[in-house]
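To start, the structure under review is shown below, and the notes come after it.
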Amino acid sequence: MNETSRVLGASTAFLRLGWHDACRDRIGLFGRLLLFSIPVVIFATIWQATPLAGSGHDADRLSWYVMMTEAIVFSVGYVFREIEQDINSGAIEAALSRPFAYVLAWIAEEAGGTLFRLLALLAYGSLIAWLATGMVPFAWAAAPAIVLAAIFAAFLALLFQVVIGLLTAWVGTPAPAYWIWQKLVFVFGGLFIPLTLYPDWIRDIGMATPFAAILYRPASLVLAADQVAIVEVFLWQGLWLALALLLVAAVAAAATRRFLREGV
Amino acid sequence: MTASFGYLGALIATNLRAGFARPGPAAMQLVLMAINNLIFFVVWALYFDRFPSLRGWGQADVAMLYGVAAFGFGVSVALAGGVRDLARTIVDGGLDVHLGRPRHPLPSLLMSRSIPAGFGDAASALVLWLWIGERTLSDLPILVGLSIAGGVVMLSSIAIAQCAVFWWPGALKLADQFWEVTVMISVYPQHVFGSGVRLVLFTVLPVAFMSQVPVEAVREADPLKALSVVAAAIVYGALAVVVFDRGLRRYASGNRMVVNR
Amino acid sequence: MSAAAAIVVENLAKSFRVRRRVGLSTLFKREPATEVEAVRGISFSIRPGERVAFIGPNGAGKSTTLKMLTGILTPSSGHAEVAGFVPWQERQKLARRIGILFGQRSQLWYHLPVRDSLKLIARIYGLDRVHAAARLDRLAGTLAIADLLDRPVAQLSLGQRLRCEIAAALMHAPPILLLDEPTIGLDVSAKASLRDHLIQLSTEEGTTILLTSHDTGDIERICERALVIDKGLLLLDQPLAALRAQHLRHRLVTLMTEEESPALDLPGVAVASREPHRTSFAVDLGLIAVERVVATALERFSVRDLAIENPPLDDVIRDIYRGAEARVT
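Chains as they are written, first to last, in the numbering used here: chain L, 6 to 269; chain S, -5 to 255; chain W, 103 to 431.
Structure representation (structure tokens):
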């Protein structure tokens, strides 16, 4: 068996492990759906109460939009905490000696769990959004592309969390870095307000960041999903995924060098 | 009576000293939490840049609301952070130490932990009130007072939810979620909701008293609304003590899962 | 009822209703509860100033009994008085008259110097400053913790921490001290030091001490009387001397030797287990002193290491049961 297929096989195994774990955690999923409902209902209600006339938006579509952004936010677990624990407890030492890359294992396992949770959140969220607004804002043919964009977005968020987790090697406790990162995602990603409603200059900044590729770009597909828009979202996500993977590889290599040099 | 106040004072002082036992990391958490809140408020600044008002509320009102919620929550967890672990302490049998003392166990349980980042929340509240909220220093006493009363409602309702484990130990996770839901809702304006949701927010999930009603009281200079927040603090506080004591009786009768450890 | 007794227990019993629940599906169908009798009608009384060990294996009912005596648990039936109070009726009043130490639960604040916790505890019991300072001085001397007071608990060893915990339990000078499994995790020398401090305390202040343990060593190290409990029943209530003569007649001496399979042909010495370089001998104290066995072994073999152990509690309890049967038949 060659190296590539070995790595692929192992990654798939971790992915399935993560998926099954997330499947089994029924109470966790129930709680997550409940918590997810709250900001969605709050934001949707605020949009209903907002004087939107002349803005080019309507409250029903914006309700679908916040359902999408929140589903992506709630699908990603807290893998940075797992990595933090592994590093601070020294467990990573044993992991480094295994033949399968430690970081890749976490990414694959978390991707499995994130995928399951995302699909569950989108299914549940779409149902309540449909019941609440009585409409589906996109053509059925666009649905697979929208789901795929959400998957890429969640995966991108996951990669950044892995980087934050690995920062433990330098900063000891990465939680404050995570809070700040999360708030930047909320603001520049357009968690509640689509970037197109921002002032021009801040919209332009937001669009150029990975935060938009995580929230605004995939969620904007429920506002308008023509083929050009879909292709543009995938191109931006592809670019940021490539850069994020390079960043993960670089930080992981630097962290490994640090462990080998100074111990865990 | 004075002895009781002395005891509570000593409890608060000891808890704070423990929270700040490592001042460096505690201060960093505090500062980052304040920055964290202010970054999140940017979302509202962007909203009001685009839309003039939200059902009659402007940016200053929402800033005041966010500040009231942050102040009440922050001071509560900085002084009585034990509320977060209450359910776990009950399930793990950690009550016993507190029960072996000649005092009511609730104060020492709640004040067994301090979360220093809470003072960061309180600090961000000052910025939100005085700068973005366009309030003056003369408004501070009433804002602080109502925030603290709201904080008491929050502490009490969370404590009540955590006490569910006296009857059903499996409620541990749900108790944690009650905490998160409460905090989540408290930072958003609630006058946009319909009467059904608002009824819930005034009763089972009394979030209204933690931010919305205090802000309405100040905006409308309505002493009755201000009094209702204080009354809610007293009612929910008393209810928390009653529920805890009921739970304690259940605990003492020992019909729990732990037979012997 | 004798007013002179520090602790009186009469037919005390406690049963729990236990419901098994596994997984989410059983959340909806409730299985019938089963009664578990943790304590099944025990009686004893303890005089002021006595040091008593309450021993039994895990799950014997020791902690349940102790919790009833502190007022934390209400019994199903029976009666008890501690320092003249019925614990479950007057828990807070009783709390001023007893000191409690739960071996695995700390009263001390982990990141703070010990002194800060002790000062807070003085406030909890409403001691005035002068009184508290004098009390702290005295306890610091008796428990040898003067040097530890200004160090954070996080920096103390388990034995040091335990002495500070005892100081915390004694700040209000209670005449009765109840300790639940205080020796868990302590090494031999820390146990010995704990024994000395407790003995000094009970002689100086007349403190009545009741401690639970599942370690036979504690009986001899700390107490003058033993209550043995198993499956919720009181098996034995004896002065230590009698217990020692009847049921603690054996020691286990383990030798690590250069030689393979050393043999000791002494009266009252039998091989209990054997590996090539590690041999355990059961020594009958009625026939030979441990010192003689050790001296002989050191003389004959090149001993790399040796250990002297009390018999495991299970063996003692088996022995007690056997004795009871023997007396019946």
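Note that the Cβ used here is the ideal one computed from N, Cα and C, for glycine as well.
With a cut-off of 8 Å on Cβ pairs, the region 267 to 276 of chain W is in contact with the region 209 to 228 of chain W, counting three or more such pairs. For L:Thr178, there is no enclosing beta strand (DSSP E), as DSSP marks it with neither H nor E.
Beta bridge pairing from DSSP links W:Gln340 with W:Ala328. Below the 7 Å Cβ cutoff, chain L contributes Lys188 and Phe191 as neighbours of S:Phe34, in chain order.
Judged by their CB atoms, W:Val110 and W:Ala162 are not nearer to each other than the 9 Å cut-off. Taken through DSSP and simplified to helix, strand or coil, W:Ser404 comes out as coil.
Per the coordinates, the alpha-carbon of S:Leu122 lies some 39 Å from the alpha-carbon of L:Phe143. About 5 Å separates the beta carbons of S:Leu5 and S:Met105, which is inside the 8 Å limit, making them a contact pair. Cα atoms of S:Ala155 and S:Gly241: separation of roughly 12 Å, rounded to the nearest angstrom. Counting every other CB atom within 10 Å of its CB across the protein chains shown gives S:Ile228 a total below 16, marking it as exposed.
Boundaries of the alpha helix (DSSP H) harbouring S:Leu93: Leu89 to Leu93, taken from the DSSP string. In summary, the residues of the region 22 to 50 of chain S whose CB is separated from some CB of chain L by less than 8 Å are Met22, Gln23, Leu26, Met27, Ile29, Asn30, Ile33, Phe34, Val36, Val37, Leu40, Tyr41, Asp43, Arg44, Phe45, Pro46, Ser47, Leu48 and Arg49, in the order they occur in the chain. Membership of W:Ile286 in any alpha helix (DSSP H) is not indicated, and neither H nor E is assigned to it by DSSP.
By the Cβ criterion, the region 7 to 23 of chain S is in contact with the region 211 to 223 of chain W, since at least three pairs of Cβ atoms, one from each stretch, lie closer than 8 Å.
In this structure S:Gly114 does not touch S:Ala12 by the C-beta definition: roughly 18 Å separates them, more than the 8 Å allowed.
Annotated three-state conformation of S:Ser141 is helix, per DSSP. Here L:Leu251 is exposed: its Cβ has fewer than 16 other Cβ atoms, across all protein chains shown, within 10 Å. In the three-state reduction of the DSSP assignment, L:Ala159 falls in the helix class, which pools H, G and I.
Membership of L:Ser42 in the alpha helix (DSSP H) is indicated by the continuous run Arg31 to Gln53. For L:Asn7, no alpha helix (DSSP H) run applies, since DSSP gives it neither H nor E. 9 Å or more divides the Cβ of L:Val45 from the Cβ of S:Phe34.
Here L:Arg66 is buried. Its C-beta has 16 or more other C-beta atoms within 10 Å.
In the DSSP secondary-structure assignment, S:Met178 is not bridged to any residue. By the CB criterion at 9 Å, S:Ala57 and S:Ile126 fall inside the cutoff. Proximity of L:Ser60 to chain S, defined by a Cβ-Cβ separation below 9 Å, is satisfied. Per DSSP, the continuous beta strand (DSSP E) segment holding W:His352 begins and ends at His352 to Thr359. W:Ile144 is positioned such that its CB atom lies no closer than 9 Å to that of S:Val91.
Remark: C-beta atoms of S:His185 and S:Gly50 approach each other more closely than 9 Å. Counting only runs of at least 4 residues, the region 245 to 322 of chain W fully encloses the following alpha helix (DSSP H) elements, listed from N- to C-terminal order: 260 to 272 and 290 to 307. Within chain W, no C-beta atom comes less than 7 Å from the C-beta of S:Arg192; the nearest is roughly 32 Å away. The region 373 to 393 of chain W and the region 303 to 323 of chain W do not touch, with fewer than 3 CB-CB distances between them shorter than 8 Å. For the region 144 to 163 of chain L, there are no residues whose beta carbon sits under 7 Å from a beta carbon of chain S. At a C-beta separation below 7 Å, S:Ser247 has these neighbours in chain W: Thr176. By the CB criterion at 9 Å, S:Ala143 and S:Gly66 fall inside the cutoff.
Listed in chain order, the non-local C-beta contacts of W:Leu260 below 8 Å within the same chain comprise Gly287, Leu288 and Ala292, local neighbours out to five positions each way being set aside. The CB of S:Val91 comes closer than 7 Å to the CB of Phe204, Arg207 and Gln209 in chain W, given here in chain order.
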